[in-house]
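*Asks:* Right, I'll just put the structure down here and ask away after.
Residue numbers (the numbering used here): 1 to 438.
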């Protein structure tokens, strides 16, 4: 009886699925390989499946990407799109770079994962490259920028308890984005992101970005660290004022608090130096990185100078952080940035792209100014049309991002050429014209 009941239930579910497929425009084909479904359109099927299977956490564009090469990606309908966002500053070598592909294939043939109870050579080589590229430090490897932020907060608070009379407060900047886990979210001064998840961890104070007087006033005996981004990406690509980072470094030294720099988006050559703080000739006590570090493979890192290097066994950890496959990717990315002189390319092509985007204003386009550094650029618009422009740009075959209603963000692969930049601007010009035409 029980088996018969289960058979009837399975038959009912199968009938319901068939009816759903018919309503959704699917056509069933039976072949030697069994039953498959063919959609009326790839796009409709993808959107329906995503709605049914994935949590509703992203406002996605109606595009399904299936492959990429260099600075171009291809969607499921065969269109080629010029990628000026690079996975939001992640794909620093572009798509399907031979060096990254080879590194992943070779490492996967040997060792994909082992716990951090053992040493692996890729982990040590990546740590060495990170230290050599940055400042005297030791490294903790994790899986993302948010994880790196959480580890940096723990590191600073342990230092404050041990070295600063129990101080645990951290002063952060308005407009910053440090991640979406609870500690990182508390450090991110954005009520829209925070409101549904209160109470958040306490101990975070926020001051206006570039307001050094307010920063000085916010540091007190309960403060263990100041945390900021050299260029705020999510609020619209806003750099620190010239000389501000040097003054912040001096202020932290004077008040005996740590300086934490979030280089998740600005690092890995994005601004034309390995790390954005190097343009100012200063070094932080703690630095976080992720995004471009793996060239698309998930990996993050915390670097701590000797003064702040206070973790002991058991204080922090990660099952997957620093795994051999991700570290092999990181090594390949860093080696290729050196071999192909991509730091220099970020400066040269970034300056060229900035000038080309600025010229759009002279042609009557709704562009006010361009800000940023290297290949991290924000196009300030004259009115709130950024979302419309990104949609129109997609129709013209170029991917850009709108972090705010009046800002377009461009963080393309570091392999971008002048010809690529020209093509991007040409397509953006057409997108602006489409928006202006209504």
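Idealized CB from N, CA, C, for every residue including glycine.
Would you kindly report the start and end of the unbroken alpha helix (DSSP H) that includes residue 91?
*Replies:* Segment: none, residue 91 is in no alpha helix (DSSP H) and carries neither H nor E.
*Asks:* How is residue 136 classed by DSSP in three states: helix, strand or coil?
*Replies:* Under the three-state reduction of DSSP, residue 136 is assigned to coil, being neither helix nor strand.
*Asks:* Please return the same chain residues whose Cβ sits closer than 7 Å to the Cβ of residue 249, not counting the five positions on each side in sequence.
*Replies:* 259 and 282
*Asks:* Since I believe residue 182 is in contact with residue 193 (beta carbons under 8 Å), could you give me their beta-carbon distance rounded to a whole number of angstroms?
*Replies:* About 11 Å; that fails the 8 Å criterion.
*Asks:* Confirm, please, whether the CB-CB distance from residue 410 to residue 425 is below 8 Å.
*Replies:* For the pair residue 425 and residue 410, the CB atoms are not nearer than the 8 Å cut-off.
*Asks:* Taking C-alpha atoms, which residue in 161, 297, 340 and 304 lies nearest to residue 324?
*Replies:* 297
*Asks:* In whole angstroms, what separates the C-alpha of residue 334 from that of residue 129?
*Replies:* 7 Å
*Asks:* Does the region 119-127 come into contact with the region 360-370, if we say contact requires no fewer than three beta-carbon pairs (one atom in each stretch) closer than 8 Å?
*Replies:* no
*Asks:* Using the Cα positions of residue 392 and residue 268, report the straight-line distance between them to the nearest angstrom.
*Replies:* 30 Å
*Asks:* Assuming residue 275 is part of the beta strand (DSSP E), what are its boundary residues?
*Replies:* Premise fails: residue 275 is in no beta strand (DSSP E) and is neither H nor E.
*Asks:* Considering only residues of the same chain and omitting the five flanking positions on each side of residue 23, which have a CB-CB separation below 8 Å?
*Replies:* Below a pLDDT of 50, predicted positions are generally treated as unreliable, and residue 23, at 34, falls in that range; the measurement from the model is reported next regardless. Annotation for residue 23: no residue places its beta carbon closer than 8 Å to its own, counting only its chain and skipping 5 residues before and after.
*Asks:* Below 8 Å between beta carbons: does that hold for residue 380 and residue 373?
*Replies:* no
*Asks:* For the region 97-108 and the region 314-332, state whether three or more C-beta atom pairs, one from each stretch, are separated by less than 8 Å.
*Replies:* yes
*Asks:* Using C-beta distances below 8 Å, list every residue in its chain close to residue 198, excluding the 5 sequence neighbours before and after it, in chain order.
*Replies:* none
*Asks:* Out of 202, 245, 108 and 152, which one is the CA nearest neighbour of residue 211?
*Replies:* Considering only alpha carbons, the answer is 245.
*Asks:* At the level of alpha carbons, what is the spacing between residue 31 and residue 290?
*Replies:* Model confidence at residue 31 stands at a pLDDT of 33, short of 50, so the residue's coordinates are unreliable; what they give is reported in the following sentence. Rounded to the nearest angstrom, the two C-alpha atoms are 46 Å apart.
*Asks:* Could you tell me the alpha carbon to alpha carbon distance between residue 178 and residue 145, rounded to whole angstroms?
*Replies:* 8 Å
*Asks:* Distance, Cα to Cα, residue 240 vs residue 133?
*Replies:* 22 Å
*Asks:* Quick one, are the C-beta atoms of residue 238 and residue 209 less than 8 Å apart?
*Replies:* yes
*Asks:* Using the Cα positions of residue 228 and residue 172, report the straight-line distance between them to the nearest angstrom.
*Replies:* Between residue 228 and residue 172, the C-alpha separation is close to 6 Å.
*Asks:* Whole angstroms is fine: what's the gap from residue 350's alpha carbon to residue 91's?
*Replies:* 16 Å
*Asks:* Starting from residue 98, trace the beta strand (DSSP E) both ways and give me its first and last residue.
*Replies:* Residue 98 -> not in any beta strand (DSSP E); alpha helix (DSSP H) instead, spanning 98-108.
*Asks:* Hey, which unbroken runs of the beta strand (DSSP E) at 3 residues or more fall wholly within the region 164-214?
*Replies:* 169-173 and 204-207
*Asks:* Which partner residues of residue 287 appear in the DSSP bridge assignment?
*Replies:* 261 and 303
*Asks:* What does DSSP give as the partner residues of residue 142 in its beta bridges?
*Replies:* 300
*Asks:* Rounded to whole angstroms, what's the CA-CA distance from residue 468 to residue 305? Just pull it up for me.
*Replies:* The question about residue 468 has no answer here: the residues shown for the chain are numbered 1 through 438.
*Asks:* Beta carbon of residue 412, beta carbon of residue 75: below 8 Å?
*Replies:* no
*Asks:* Closer than 7 Å: is that where the CB of residue 179 sits relative to any heavy atom of the ligand FMN?
*Replies:* You won't find the ligand FMN in this model; it holds no ligand whatsoever.
*Asks:* For the region 210-259, which segments carrying the beta strand (DSSP E) assignment without a break, of at least 3 residues, lie completely within its bounds, in sequence order?
*Replies:* The region 210-259 contains these whole beta strand (DSSP E) runs: 223-228.
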